[in-house]
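*Asks:*
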Amino acid sequence: MIKVILFDLDGTLLPMDTDDFVKYYLKELGPRVAHIMDPNEFIKALWAGTEAMLRNLEPDKTNEQVFEETFLSLAKVQKEDIWPTLDDFYEKVFPTFSHLCTPSPLSKKIAEEAINQGYRVAVATNPVFPKAAIYERIKWAGVSDIPFEIITVYEENSFTKPHREYYQNLCDRLGVKPEECLMIGNDKQEDMSAAQIGMKTFLVEGWVIDRGEPQYRIDDQGTLEELYGKLKNEEGLFVK
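So the mapping is simple: this note's numbering equals the position in the sequence shown, first residue as 1, plus 2.
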């Protein structure tokens, strides 16, 4: 029986085109470090740091530590010289990106309905962003007052999607078995990979991401509206 519902953020609780968002984010961020280093070199180091996080399977290193090691070694700058600029960006500029999303009131209704029915809830976004950026997007989605037990951020996580270790770590932290969890997301590889360890999966239609391979089991799918209907009426995966 499902006890915990895990929600992806971008493209799921927060409807958006992730590719467009990342392009805009990098276009805005690059020039802001120009007084410290070449923006093109900065973007290269940023991507390398991100790739290192996506590969990391060392449980004793957070994604933040992995990113810093790779980024700083390539950027050839000291952390104290560039981090204040990045922190300032996330505090003052990042919040202005909300226009790139199309929030739905259904996100809050779904999360509230899940809690009303006794499910535990968590946000299982890919933890490759700092807490400030992830909590800002939680706000845009209209779910900042939902009592999520866990919100995955790069300061507190050691793994990323689609690694099975990411999902197993969530189970361990929540004290549940994989088969007691339902992963809801829009990415056929990153989110549906939760099926690898026995989690149930629900694919949210609207902003589906599909790279073709590998393909994982999808137990059910539908729009946010259809998801809400099934949850409210206790149908399909939500039969008690």
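From the three backbone atoms N, C-alpha and C, an ideal C-beta is built for every residue, glycine too.
1. Which residues bound the alpha helix (DSSP H) around A2?
2. Would you list the residues sitting across from R122 in a DSSP beta bridge?
3. Closer than 6 Å by C-beta to K46: which residues in its own chain qualify, once you throw out the five before and the five after it? Chain order, please.
4. Could you tell me if P17 is buried or exposed, where buried requires 16 or more neighbouring beta carbons within 10 angstroms of its beta carbon?
5. Specify, as a first and last residue, the run of the alpha helix (DSSP H) that Q67 falls within.
6. Using CA coordinates, which residue listed in L229, Q170 and V178 is at the minimum distance from G208?
7. Answer with buried or exposed for D83, where buried requires no fewer than 16 other C-beta atoms within 10 angstroms of its C-beta.
8. Hey, which unbroken runs of the alpha helix (DSSP H) at 4 residues or more fall wholly within the region 160 to 198?
9. If T20 sits next to I211, beta carbons under 8 Å apart, how far is it from one beta carbon to the other, in whole angstroms?
10. Contact defined as beta carbons within less than 8 Å: I believe V79 pairs with K110. What is the distance between those atoms, to the nearest angstrom?
11. Do you know offhand how far W85's Cα is from L74's?
12. Is L11 helix, strand or coil when you go by DSSP?
13. Using beta-carbon positions only, say whether F91 and R34 come within less than 8 Å of one another.
*Replies:* Once the coordinates are examined:
1. The structure shown does not extend to residue 2, since the chain is modelled only from 3 to 242, so the question has no answer here.
2. Answer is V6, bridged to R122.
3. So the list is empty, once near-sequence residues are dropped.
4. Buried is the call here.
5. Per DSSP, Q67 is one residue of the alpha helix (DSSP H) stretching across N65 to A77.
6. Comparing Cα-Cα distances from G208 to each of L229, Q170 and V178, the minimum goes to L229.
7. Exposed, by the Cβ-count rule.
8. Runs of the alpha helix (DSSP H) inside the region 160 to 198: 166 to 176.
9. Right, their Cβ atoms sit about 7 Å apart.
10. Wrong, their Cβ atoms sit about 41 Å apart, outside the cutoff.
11. Going from the Cα of W85 to the Cα of L74 covers about 10 Å.
12. Coil.
13. In this structure, R34 lies closer than 8 Å to F91 by Cβ.
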